[in-house]
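K.L.:
A single structure is presented below for examination.
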Amino acid sequence: MTERQEAPAASASPGVEADALPVVQVGLWVLALLGLVVIVVLALWQYFDAVSQRELVAQDLSQVPPALPELRARDRRLLNHYEVVDAPRGLFRIPVARAMELLAADPALIAPLELASPSPAPLAPSPTPAPPAAARVILPAAAR
């Protein structure tokens, strides 16, 4: 054999690891690391959201869609010009400014057509009901 022989390790010495894993300690480490990952993901999400918002604001949003000028011209025409909508029924379009002037002068113009027509003769007042017959009061026997 060799000159140097090693002595077998003692099973009860303090340098030997225990057979069971510290489950609570490992679980706490896993939870701590999971929390750290969640915090990092949320921070990155906020950062990239802020960057993308800055990019959207930095873009030239003043580009006008091709149909917008036509729509605005049509709206101006409808709001500022006279037009016959349905002559037999008496429907006409007038400018908004003129409509506001007319309504300020006569607020009854906004009443519905049913109410704007002359109302029928008022109904005759209904006859007043006769007063009830005298009520007979029955007193308890002790009060008689």
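Counting from 1 along the sequence shown, just add 13 to a position and that's the residue number in our numbering.
The beta carbon of each residue, even a glycine, is placed where N, CA and C say it ideally should be.
Under DSSP, the beta strand (DSSP E) around Leu91 begins and ends at which residues?
P.N.:
Where Leu91 is concerned, there is no enclosing beta strand (DSSP E), although the alpha helix (DSSP H) it sits in stretches over Leu81 to Asn93.
K.L.:
Cα separation between Val109 and Asn93?
P.N.:
Each residue's alpha carbon lies about 6 Å from the other.
K.L.:
Looking at the strands, I want to know which residues DSSP matches up with Phe105.
P.N.:
According to DSSP, which records beta bridges pairwise, Phe105 is partnered with Val97.
K.L.:
With respect to the alpha helix (DSSP H) encompassing Gly28, which residues constitute its N-terminal and C-terminal limits?
P.N.:
Counting along the chain, Gly28 falls outside any alpha helix (DSSP H), and DSSP gives it neither H nor E.
K.L.:
Quick one: what does DSSP say Asp62 is sitting in, helix, strand or coil?
P.N.:
Helix.
K.L.:
Kindly indicate which three-state DSSP category Gln76 falls into: helix, strand or coil?
P.N.:
Three-state result, Gln76: coil.
K.L.:
Cutting at 8 Å between CB atoms, please list the residues of its own chain near Ala31, excluding the five before and the five after it.
P.N.:
Within the same chain, Ala31 has no close Cβ partners at all.
K.L.:
Using three-state DSSP, classify Ala117 as helix, strand or coil.
P.N.:
Helix at Ala117.
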